[in-house]
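With the numbering used here as the guide, the letters of the sequence shown map in order to residues 76 to 619.
What follows is a set of notes on a single structure, which appears directly below.
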Amino acid sequence: MNKITIHNNIIQRINPNIYGHFIEEIGECIHDGLWVESQKLKHLPTLSKPLEGVRQDLFEAVKPLFGAENPPLLRWPGGCYSDTYHWKDGIGPKENRPVKPNTHWNSGFFRTIKNQYGTAGPRITHQFGTDEFAAFCRMLGASPYINVNYGSGTPEEAANWVEYCNGGDDTEWGKKRAEVSPTPYDVKYWGIGNEIWAKWERGFEKRAKDYAARYLAYARAMRDKDPTIKMIACGLDPATANPLLFARDGNTWNTTLLEIAGEFIDYISLHAYFPMYYHFFKGFLLKFAFKRDSKFSHNEKYFKASMAASQFLEQIICRVWDQIEGVMGKDTSVRLALDEWNAWYCLHQMIKANSCLMDGLFVADTLLLFQKYSNRVSIANVAQMINCVGLIRTDEQGLVETPGYLAFKLLRNFCFSRLLETSVTAGSFYNEKVVSVPVTRTPLISSTATMSEDGKEISVVLINKDYNNSIDVELDFVDFDTQRMRVKQAFQLYHDNPFIENTPDQRTAVSVQPPKEETISANKVRLPKHSLTLVQFQENKERQ
Ligand code: AHR
76 MNKITIHNNI IQRINPNIYG HFIEEIGECI HDGLWVESQK LKHLPTLSKP
126 LEGVRQDLFE AVKPLFGAEN PPLLRWPGGC YSDTYHWKDG IGPKENRPVK
176 PNTHWNSGFF RTIKNQYGTA GPRITHQFGT DEFAAFCRML GASPYINVNY
226 GSGTPEEAAN WVEYCNGGDD TEWGKKRAEV SPTPYDVKYW GIGNEIWAKW
276 ERGFEKRAKD YAARYLAYAR AMRDKDPTIK MIACGLDPAT ANPLLFARDG
326 NTWNTTLLEI AGEFIDYISL HAYFPMYYHF FKGFLLKFAF KRDSKFSHNE
376 KYFKASMAAS QFLEQIICRV WDQIEGVMGK DTSVRLALDE WNAWYCLHQM
426 IKANSCLMDG LFVADTLLLF QKYSNRVSIA NVAQMINCVG LIRTDEQGLV
476 ETPGYLAFKL LRNFCFSRLL ETSVTAGSFY NEKVVSVPVT RTPLISSTAT
526 MSEDGKEISV VLINKDYNNS IDVELDFVDF DTQRMRVKQA FQLYHDNPFI
576 ENTPDQRTAV SVQPPKEETI SANKVRLPKH SLTLVQFQEN KERQ
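This is the structure:
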């Protein structure tokens, strides 16, 4: 019998910052995704100044991803791009801002990445700069997270950026910002460099000790301007470090960094893209770089690997966590920031991507993992919000809400903040090794249960990872007054085809629907094959 046992025991409060997002000057993420630049999009209704380039429909779609209560973080301006970005290019009157080539995504190997939508590195007009980013965050209620330029910038440039955002009008740069916004932007989260251990990154460091030394110069200069800021350092999974592509000391990168600069580190960042992660050199590079679309992953083998990936990510989290505790001690306040994560198959998906139901299940499964680990992973940013491996895909007529978007929105809005103790009794499956995802035994059902603050409602999320079969699950509520519990509402993301995509021609080919009534009761749920189900229970006033 398949069973989810849900105990009336709160094991932790879920940090809302696990539901964060990320935008970058890459492909059509900001350029023509968030911010209308091309003539072909000028007919679209947009927000008013200073966000006159933000399409209205996009803003409406993004709002529920952040949620009404405790909106999470939005990371900007990169990604790799941040290590080439000079923030002063993006302030002041918009007509005076320089137009420059995208020095990361339009150079070297990355220049070859193209598809029918354009290139990975369109030119930068700097219309969406710090003031626009801060205004956008304000409208969403999101906490801004800025990644400073380590690659081609200086500690002084980064410190001045902190002053511009957070300083009073009695400081040089705070005064400049006050011309636009008398209220400081209060940017709490600051990343220093991006993937600085990678050979493709501007500012690549061969050794952790070199990064740590320069990191300290940045951190000290930035904290001098605002001692309350939180700082995020580039970390790396020690077991997947690849010496052909990465720093020489990948397996001790985090520990060296923490030993030298730990006092100035609030978060160690990790990036996790599946299935490719960073194993490009195992015959995957060509596929990854040049396959025309992601359809080569539309088969049972990939499906199973994708459903096993969260277990691999769990191992990574635990490995890095052990390193953090090893250096900083058990009562450390340092946490993990999974500030880029998603399913990603082909390089050109960074221009404009679509994703399928399988990817939507992957998104949901990863969020469940973060719910369970939010005492270690206290920041996570899905990569990216728009077009680039994106949750939302834009076009001239409208938007496509991908299954990843639908799954994300569902969990963000209907899971509660208090995580309950649960256990799953279910069958399992083995996947074949796919790129980075090793052969793993994975339970067929992934699940969490969360409780509302007043204790009167419970949301149970259930992912059926079985490729072919539906599953009947019993819900066993332990130490609850089950006589008083009734199903308040239920939602399902399902389609007979696990690789179905929403497209400009079929925008709602797959959507969230209420499940068939006869499949849900207070203690039993039928989960269709390869599906996501969320059931919300409510305490009934009257005994039944
Ligand atoms: O999200 C796209 C890119 O992937 C980011 O710029 C980089 O950090 C990562 O490798």
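Built from N, CA and C at the ideal position, the CB exists for glycine as well.
In the DSSP output, what is Glu476 paired with across the bridge?
For the purposes of this step, residue 476 is identified with residue 401 of the sequence shown, where counting begins at 1. According to DSSP, which records beta bridges pairwise, Glu476 is partnered with Ile467.
At a cut-off of 7 Å, is Gln424 close to ligand 1 when judged by its beta-carbon and the heavy atoms of the ligand?
Here residue 424 refers to the residue found at position 349 when the sequence shown is read from its first residue. For ligand 1, not one heavy atom lies less than 7 Å from the Cβ of Gln424.
Whose C-beta lies closer than 8 Å to the C-beta of Trp272 among residues of the same chain, with five residues either side of it excluded?
As a position in the sequence shown, residue 272 is number 197, starting the count at 1. Cβ neighbours of Trp272 beyond the five flanking positions: Phe279, Glu280, Ala283, Tyr286, Cys309, Leu311, Ala316, Phe321, Ala322, Gly325, Trp328.
Expressed to the nearest angstrom, what Euclidean distance is found between the alpha-carbon atoms of Leu443 and Thr159?
The residue labelled residue 443 in the question sits at position 368 within the sequence shown. The residue labelled residue 159 in the question sits at position 84 within the sequence shown. So the alpha carbons of these two residues sit roughly 34 Å apart.
I need the straight-line Cα distance from Met433 to Leu466, nearest angstrom please.
Within the sequence shown, numbered from 1, the residue matching residue 433 stands at position 358. Within the sequence shown, numbered from 1, the residue matching residue 466 stands at position 391. Their backbone Cα atoms lie some 13 Å apart in a straight line.
Is there contact between the segment 473-487 and the segment 576-591, where contact requires at least three CB pairs shorter than 8 Å?
Yes: at least three Cβ pairs fall under 8 Å.
What does a CB cutoff of less than 6 Å around Ser627 pick up in its chain, not counting 5 residues either side in sequence?
Only positions 76 to 619 of the chain appear in the structure, and residue 627 is not among them; the question remains open.
Please confirm whether Tyr569 and Lys379 have their CB atoms less than 8 Å apart.
As a working note, residue 569 is residue 494 in the sequence shown. As a working note, residue 379 is residue 304 in the sequence shown. Going by C-beta atoms, Tyr569 is not nearer than 8 Å to Lys379.
Quick one: what's got a C-beta closer than 6 Å to Ser449's C-beta in the same chain, skipping five residues either side?
To locate residue 449, count along the sequence shown from 1; it is residue 374. Once the five neighbours on either side are set aside, the close Cβ partners of Ser449 are Ile89, Asn90, Ile93.
How would you call Cys240, buried or exposed, if buried means at least 16 neighbouring beta carbons within 10 angstroms?
The count along the sequence shown starts at 1 and reaches residue 240 at position 165. With 16 or more Cβ atoms within 10 Å of its Cβ, Cys240 is classed as buried.
Tell me whether Phe437 sits in a helix, a strand or coil according to DSSP, three-state version.
Translated into the one-based positions of the sequence shown, residue 437 becomes position 362. The answer is helix: DSSP assigns Phe437 an H, G or I state.
Rounding to the nearest angstrom, what Cα-Cα distance links Glu614 and Leu486 in this structure?
Sequence index remark: in the sequence shown, residue 614 carries index 539 (1-based). Sequence index remark: in the sequence shown, residue 486 carries index 411 (1-based). Looking at the two C-alpha atoms, the distance is approximately 20 Å.
Once you ignore the five residues that flank Pro139 on each side, which residues in its own chain have a CB closer than 8 Å to its CB?
Counting from one through the sequence shown, the residue named residue 139 turns up at place 64. Answer for Pro139: Lys484, Arg487, Asn488, listed in chain order.
Mapping DSSP to helix, strand and coil, what is Gly401?
To locate residue 401, count along the sequence shown from 1; it is residue 326. Residue state, collapsed to three classes: helix.
Grab the span of the alpha helix (DSSP H) containing Asp132 for me, first residue to last.
Here the question's residue 132 lines up with position 57 in the sequence shown. It spans 131-141 - the alpha helix (DSSP H) in which Asp132 sits, taken as one unbroken run.
Please classify Asp244 as buried or exposed, where buried requires at least 16 other C-beta atoms within 10 Å of its C-beta.
Taking the first residue of the sequence shown as position 1, residue 244 is located at position 169. Result: exposed.
When the Cα atoms are used, what is the spatial distance from Glu103 to Ile426?
Within the sequence shown, residue 103 is the residue found at index 28, counting from 1. Within the sequence shown, residue 426 is the residue found at index 351, counting from 1. In a straight line, the C-alpha of Glu103 is about 6 Å away from that of Ile426.
What residue from Met382, Ala296, Arg394, Phe445 has the CA that sits closest to Lys604's CA?
Numbered from its first residue, the sequence shown carries residue 604 at position 529. Ranking the options by Cα distance to Lys604, first place goes to Met382.
Measuring CB to CB, does Leu474 end up less than 8 Å from Asp107?
Along the sequence shown, read from residue 1 onward, the residue named residue 474 stands at position 399. Along the sequence shown, read from residue 1 onward, the residue named residue 107 stands at position 32. Taking 8 Å as the Cβ cut-off, Leu474 and Asp107 do not qualify as a contacting pair.
Helix, strand or coil for Val237? Go by DSSP, reduced to three states.
Indexing the sequence shown from 1 puts residue 237 at position 162. Three-state result, Val237: helix.
Would you mind reading off the limits of the beta strand (DSSP E) that contains Tyr348?
Along the sequence shown, read from residue 1 onward, the residue named residue 348 stands at position 273. Residues 342-350.
Which residue from Val535, Val514, Arg516, Phe612 puts its Cα closest to that of Ala524?
In the sequence shown, residue 524 corresponds to position 449, counting from 1. It is Val535 whose Cα lies nearest to the Cα of Ala524.
Identify every run of the beta strand (DSSP E) within the segment 256-292, keeping only runs that are complete inside it and at least 3 residues long; order them along the chain.
Here the runs fully enclosed are 264-267.
Are the CB atoms of Glu338 and Val402 nearer to each other than 8 Å?
Here residue 338 refers to the residue found at position 263 of the sequence shown. Here residue 402 refers to the residue found at position 327 of the sequence shown. Going by C-beta atoms, Glu338 is not nearer than 8 Å to Val402.
Between Ala428 and Val457, which are expected to be in contact by the criterion C-beta below 8 Å, what is the C-beta distance as a whole number of angstroms?
As a working mapping, residue 428 is identified with position 353 in the sequence shown. As a working mapping, residue 457 is identified with position 382 in the sequence shown. Not really, about 13 Å apart at Cβ, beyond 8 Å.
Bridge partners for Ile461 per DSSP, in chain order?
By one-based count along the sequence shown, residue 461 stands at place 386. Answer is Ile467.
Express the C-alpha separation of Lys169 and Arg394 in angstroms, rounding to a whole number.
Indexing the sequence shown from 1 puts residue 394 at position 319. Indexing the sequence shown from 1 puts residue 169 at position 94. Going by the C-alpha atoms only, they are around 46 Å apart.
What's the C-alpha gap between Thr194 and Thr200?
Mapped onto the sequence shown, residue 194 falls at position 119. Mapped onto the sequence shown, residue 200 falls at position 125. The straight-line gap from Cα to Cα measures roughly 15 Å.
By the three-class DSSP mapping on this structure, what secondary structure does Ser503 have?
By 1-based counting over the sequence shown, the position of residue 503 is 428. Strand at Ser503.
Pairing CB atoms from the segment 104-123 with CB atoms from the segment 508-523, are three or more of them under 8 Å?
Counting Cβ pairs under 8 Å, fewer than three are found: no touch.
Pick out whichever of Asp414, Trp396, Leu413, Glu415 has its Cα sitting closest to the Cα of Asp406.
As a first step, residue 406 must be located in the sequence shown, where it is residue number 331. Of Asp414, Trp396, Leu413, Glu415, the residue nearest in Cα terms is Trp396.
Measuring alpha carbon to alpha carbon, tell me which of Met76, Pro125, Ile221 ends up nearest Asp206.
Along the sequence shown, read from residue 1 onward, the residue named residue 206 stands at position 131. Ranking the options by Cα distance to Asp206, first place goes to Pro125.
Over the uninterrupted alpha helix (DSSP H) stretch that includes Asp54, give me the two end residues.
Here the chain has residues from 76 to 619 only, and residue 54 is not among them.
Around the Cβ of Gly228, are there at least 16 other Cβ atoms within 10 angstroms (buried) or fewer (exposed)?
If you number the sequence shown from 1, residue 228 lands on position 153. Answer is buried; the Cβ neighbour count reaches 16.
Under three-state DSSP, which class holds His423?
In the sequence shown, the residue the question calls residue 423 occupies position 348. Helix, per DSSP.
Please indicate yes or no: does the CB of Cys421 lie closer than 7 Å to some heavy atom of ligand 1?
Start at 1 with the first residue of the sequence shown, and residue 421 comes out as number 346. It does not: the Cβ of Cys421 is nowhere closer than 7 Å to a heavy atom of ligand 1.
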